[in-house]
Amino acid sequence: MAATLLLPAVGLTREPDAWRAAAGTVGLSAFALVLAVALYAAVTPAPSVRLRRWLLAGYAAVAVLSVPLVAPVAGAAWPTWAWLGAAVVGGLALLAPLRSVLPAALAIVAMSGAVAVFTGTSVGRSALLTGSVGVGIALVNGFQVWFWRLLVQAEQGRAAQARLVAAQERLRFAADVHDLLGHHLTVIALKSELAARLASDDPVRAGRAAGEAQRLAATALSELRRTVHGYRRIDLTEQLTAVAEVLRSSGVRCTVVPPAGELPSEVATQLAAVLREAGTNVLRHSRAGWCRIEFTQEDQVTRMIVTNDGAPDTATSDRHSHGLRGLAERLTGTGGQLRTRCADGVFTVEATVPTVA
């Protein structure tokens, strides 16, 4: 675009009249200024509609103003405004879509012909120069602006994708922390309550319950630190053993049917999260006397069923917790499924996860 202004500027050097040269300089300078603003707007990712309209109005006003200021410069010696008209057509692609450049180009070519008649230069030469050079510059500018905006959109898409990944990771981490601390804190609360209730009647059992609460608190802190630092790996077998021991220590008869073989790590992680929440619900929302945890594998699907008695008919998870509803959403996202049902005081949690070889 700077080069397109050099050719009209040649007419200033061929103009003998100082006043005409000064007027032409003012016209070219005004157009150069509005062209620079148009270029800035073109490379701005999202200029406002109002700003774009004001720029178009200013661009049109300067283009019209350039006719009386620049057209007389150099007279028949140099087609000064024909070159400026080409720059006007080329600069339109910075502010308007290419489909609207052609009608404007026809009007500017007609103006170039009228100026040629006034200054005594060749009408055909001026019109051809303005039209061919102007449309060529407009096509180049339009392509560059389109490509620039495509790059900006791609960059914005990558940034949005990065934010989405970060948000998903925060949600996953929050869910893992909830699953981890929710289970341990529930058991610690129950053990502390038991110790307080037995403190006066059975100090020995109260001390044992307080010791178990202390051990669980230390375990929770250790696991939380490993989680925060990214070193934690969920072992389904260890989780199964821990849940069974906690249930049994709380007076719940627990029967475990473990999986037939070793499960893929992703499957084990998902089922371990469900197992923690299910074990927490047994302690928090029921007066269970027994609990059965069973794993089955069939047709590339691993199924875990946790069943317990002593559940109220309206059994629900804590409305403030992530709970089974959040786990159901996580399983659905990986092709799994989580179903719960309560009948005759028996609450069942059934989780199915596709087995990835």
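When we follow numbering that gives the first Met the number 0, the leftmost residue of the sequence shown carries the number 0, and every step to the right adds one. Each residue gets a CB set at the ideal place from its N, CA and C atoms; glycine is no exception.
Query raised in the report: Taking the C-alpha atoms as reference points, what is the distance between aspartate 200 and glycine 206?
Result: Rounded to the nearest whole angstrom, the CA to CA distance from aspartate 200 to glycine 206 is 12 angstroms.
Requested in this report: Identify, in the order they occur along the chain, each residue of the same chain with its Cβ nearer than 6 angstroms to the Cβ of arginine 283, setting aside the five sequence neighbours on each side.
Outcome: Only Thr185 meet the Cβ criterion.
Query raised in the report: So, helix, strand or coil for arginine 302, using DSSP?
Result: Strand.
Query - Cβ distance (whole Å) where alanine 115 is taken to contact serine 121 below 8 angstroms - result: 6 angstroms between Cβ atoms; contact.
Query raised in the report: To the nearest angstrom, how far is it from the Cα of serine 221 to the Cα of aspartate 234?
Result: Going from the Cα of serine 221 to the Cα of aspartate 234 covers about 15 angstroms.
**Report entry** Contacting residues, own chain, Cβ-Cβ under 6 angstroms from leucine 97 (five flanking each side not counted)
**Finding:** Closer than 6 angstroms at Cβ, skipping near neighbours: Gly141.
Requested in this report: Answer with buried or exposed for glutamate 276, where buried requires no fewer than 16 other C-beta atoms within 10 angstroms of its C-beta.
Outcome: By the neighbour-count rule (16 or more Cβ atoms within 10 Å), glutamate 276 is buried.
**Report entry** Closest by C-alpha distance to proline 67, when choosing among His183, Glu297, Phe117, Arg324
**Finding:** Here the closest residue by C-alpha is Phe117.
Query raised in the report: Per DSSP, what kind of secondary structure is glutamate 359 in: helix, strand or coil?
Result: Residue 359 lies beyond the stretch modelled for the chain, which goes from 0 to 356, so this question has no answer here.
Requested in this report: Could you say if the region 91–106 and the region 122–139 meet the contact criterion of at least three C-beta pairs nearer than 8 angstroms?
Outcome: Verdict: yes, contact present.
**Report entry** Alpha carbon of proline 15 to alpha carbon of alanine 73, nearest angstrom
**Finding:** So the alpha carbons of these two residues sit roughly 8 angstroms apart.
Query raised in the report: Are the beta-carbon atoms belonging to leucine 83 and valine 69 less than 8 angstroms from one another?
Result: Yes, these two residues count as a Cβ contact at 8 angstroms.
Query raised in the report: Looking at the structure shown, is glutamate 297 part of a helix, part of a strand, or coil, going by DSSP?
Result: It is a strand residue.
Query raised in the report: Based on the DSSP output, what are the partners of phenylalanine 346 in its beta bridges?
Result: Paired residue(s): Asn307, Cys341.
Query raised in the report: In terms of residue numbering, what span does the alpha helix (DSSP H) encompassing valine 281 cover?
Result: 264–284 is the span of the alpha helix (DSSP H), which, as asked, contains valine 281.
Requested in this report: Can you tell me which of Arg286, Arg252, Ile304 puts its alpha carbon nearest to the alpha carbon of glutamate 293?
Outcome: Closest in C-alpha terms to glutamate 293, from the list Arg286, Arg252, Ile304, comes Ile304.
Requested in this report: Helix, strand or coil for proline 202, going by three-state DSSP, please let me know.
Outcome: Looking at proline 202 - three-state DSSP - the assignment turns out to be helix.
**Report entry** Other residues of its chain near valine 108: CB distance less than 6 angstroms, five sequence neighbours each side excluded
**Finding:** Exclusion of the five residues before and after valine 108 leaves Ala126, Thr129, Gly130 as the residues of its chain whose Cβ lies within less than 6 angstroms of its Cβ.
Query raised in the report: proline 78: buried (16+ other C-beta within 10 angstroms of its C-beta) or exposed?
Result: Counting Cβ neighbours within 10 Å, proline 78 comes out buried, since at least 16 surround it.
Query raised in the report: For alanine 1, which residues of its own chain have a beta-carbon under 7 angstroms away from its beta-carbon, when the five flanking residues on both sides are left out?
Result: For alanine 1, where only same-chain residues beyond five positions count, there are no Cβ hits under 7 angstroms.
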